[in-house]
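Below: one structure, written as structure tokens.
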Amino acid sequence: MSEKVGRSEKTSAWAWLFGRALHVYFVMTRSMTLGVRAACFDSEGRIFLVRHSYIAGWHMPGGGVERHETVAQALEKELREEGNLVISGEPQLFHVYFNNRISKRDHVVFYRVEVTQTAPRMADREIVETGFFPRNALPPGTTQATYRRLEELEGAERPSSYW
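Each residue of the sequence shown is one higher than the one before, counting from 1 in UniProt numbering.
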């Protein structure tokens, strides 16, 4: 087995274990989980996507809403943390989804926002890669949920109730 394959398997095992531990923690501390995500577009109309260390694929940025935090505060915080993004104008609430693939208690508040990036986002243990992409040139590994949300935003599909 090559060293690269060994590292990949260790990363996958760590990512799975981390994800499970996080969800067990949330189940024990919260009756329902609430998250925010956003389709973030720059002035050229490109969408910002992130690739996490603990889950496969390219996703729109977002994260959990913490206690004593509004959805708007969580949105601003997550975009800043995951991409050094600043919201330009008013975020547009698009839809609220039930994310039953994660748990039977998870909901996602989804926004469309215009953003500017204050500095490139350097890779770390959580976010391994980020970028702005034209809609017709999304990176390999972009998740099906990301494609579905973009189709819904464009009016090509009716918004689903499920993430």
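Note that the Cβ used here is the ideal one computed from N, Cα and C, for glycine as well.
- In this structure, the alpha-carbon of Ala38 lies about 18 Å from that of Arg158.
- Assigned with DSSP and collapsed to three states, Leu85 falls in strand.
- Shown here, Thr118 sits in coil according to DSSP, grouped into three states, outside any helix or strand.
- In this structure, the beta-carbon distance from Val115 to Phe41 falls below 9 Å.
- Taking the Cα of Arg112 as reference, the smallest distance to any Cα among Glu66, Val24, Gly89 is reached at Gly89.
- The beta carbon of Thr143 sits closer than 7 Å to the beta carbons of Gly57, Trp58, His59 from its chain, once the five residues preceding and following it are set aside; these are given in chain order.
- If you draw a straight line from the Cα of Trp16 to the Cα of Arg125, it comes to about 14 Å.
- Shown here, Tyr54 sits in coil according to DSSP, grouped into three states, outside any helix or strand.
- Ala39: member of the beta strand (DSSP E) spanning 33 to 41, first to last residue.
- Per DSSP, the continuous alpha helix (DSSP H) segment holding Glu154 begins and ends at 144 to 154.
- DSSP places Glu66 in no beta strand (DSSP E); its state is neither H nor E.
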